[in-house]
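I have placed the structure first, in the form of structure tokens, so that the comments after it can refer back to it.
In our numbering, the protein residues as written are 8 to 222.
What follows is the structure in structure tokens.
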């Protein structure tokens, strides 16, 4: 319903498609619908994710496997189907992935989330390496502490209280001392989508976090 509402707001240039990204057949059907509606695929943002938690020495296999299904395998399914379409088109294209600072800066008890995110970061570079010859670019955004379905207002309240700081100070806990928003992340994706000579790049959108920096 949310996707349909967003598509309606955008107008005739948008299509809402229901897709289970952990099911390759569902992913294929979604791409078929997009190609049927618009004639092809030029830009893909692979955005799905959920933050499973657990101490890595005690976490059960089911939790870890579920996290890999969504936080790694889903990205592979989306990228693979998109790549096949882009190759057939012969008009280039770009694969964009929403990874996480967890990919390079592990958080305590966040191994089930960080491990597949690290694998997805490698996946980005592999697509850039293997399909640069096809004119297909692959880039990623590493964001941190963004209000979203993964970091709800309730979670922000609890985490800031646990640290003895205000919610605004918690959200601005970076080098720039400024809260980073979903719009900031979207801006990074737009940049990477249009930067025609940039591939295998990871852009951090976190207000500055040296521990999570790739530079």
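C-beta atoms are modelled at their ideal positions from N, C-alpha and C, and glycine is treated no differently.
In this structure, residue 148 places its C-beta atom within 8 Å of the C-beta atom of residue 212.
For residue 106, the three-state secondary structure derived from DSSP is coil.
The stretch 18-68 contains, as complete beta strand (DSSP E) runs of 3+ residues, the segments 50-53 (chain order). Nearest Cα to residue 220 within the set 43, 32, 151, 92: 151. In this structure, residue 56 places its C-beta atom within 8 Å of the C-beta atom of residue 77. Pairing residue 110 with residue 118 gives a Cβ-Cβ distance that is not under 8 Å.
Contact between the stretch 167-176 and the stretch 128-143 is absent: fewer than 3 CB-CB pairs across the two stretches fall below 8 Å. In the structure shown, the three-state DSSP call for residue 149 is strand. Residue 90: member of the alpha helix (DSSP H) spanning 81-96, first to last residue. If only uninterrupted beta strand (DSSP E) runs of at least 3 residues are considered, those enclosed by the stretch 121-200 are 143-150.
Between residue 160 and residue 168, the alpha-carbon positions lie close to 12 Å from each other. In the three-state DSSP reduction, residue 206 falls in the coil class, being neither helix nor strand. Of 22, 91, 183, 74, the smallest CA-CA separation from residue 125 is found for 74.
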